[in-house]
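All residue numbers for the sequence shown refer to this note's numbering, where the first residue is 1126 and numbers rise by one. Each residue gets a CB set at the ideal place from its N, CA and C atoms; glycine is no exception.
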Amino acid sequence: MSRDHVTANWSTAVMVCGKCSKRQGGGFGPKGKTGLLKALRRLVPKARGRKAAFGLIEMRCQKICPRHAVLVVDGRRPADWLLVRPGTPVAEVAARLGLTTERPD
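Shown next as structure tokens:
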């Protein structure tokens, strides 16, 4: 018998545009050379994948293509898209998205 669903501990899914990230060539992290997705993933070093507190997904281009920014979509608020400029502290981005390292109960 095969499974028809798998559970995850995610409280939300955050999607980051891969094309925007690539165009910026980093811009986040302590030296400013880390991409936004990788910097956000470092917030939860122990749990990965479906066992993490939240999901981080690289999505395809959404045809917004902001100059000098990365497009981020929060699964809890899909109508409100966020444009994050390079140099913005990752902790500030995580706070705006409501990301915590604690599991929802």
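Notebook entry, point to check: Under 8 Å, do L1161 and V1141 count as touching if we go by C-beta distance?
Noted result: yes
Item checked: Nearest-angstrom Cα separation, counted from G1154 out to G1212 -> 8 Å
Notebook entry, point to check: Considering R1202, what are the terminal residues of the beta strand (DSSP E) in which it resides?
Noted result: R1202 to V1209
Item checked: Identified DSSP bridge partners for V1197 -> V1141 and L1207
Next item on the list: Please report the residue range of the beta strand (DSSP E) in which L1181 lies.
Entry: G1180 to M1184
Next item on the list: Would you mind stating whether L1208 and R1221 have Cβ atoms separated by less than 8 Å?
Entry: no
Note to self: Nearest by alpha-carbon distance to V1215: which of C1145, T1159 and V1131 is it?
What the structure shows: T1159
Notebook entry, point to check: Alpha carbon to alpha carbon, what distance is there between R1166 and G1223?
Noted result: 14 Å
Margin query: Classify A1194: buried if its beta carbon has 16 or more other beta carbons within 10 angstroms, exposed otherwise.
Written below: buried
Margin query: Quick check: the Cα distance between W1135 and K1144, rounded to an integer number of angstroms?
Written below: 25 Å
Next item on the list: Taking the CB atoms as reference points, tell me whether G1180 and V1139 lie closer together than 8 Å.
Entry: yes
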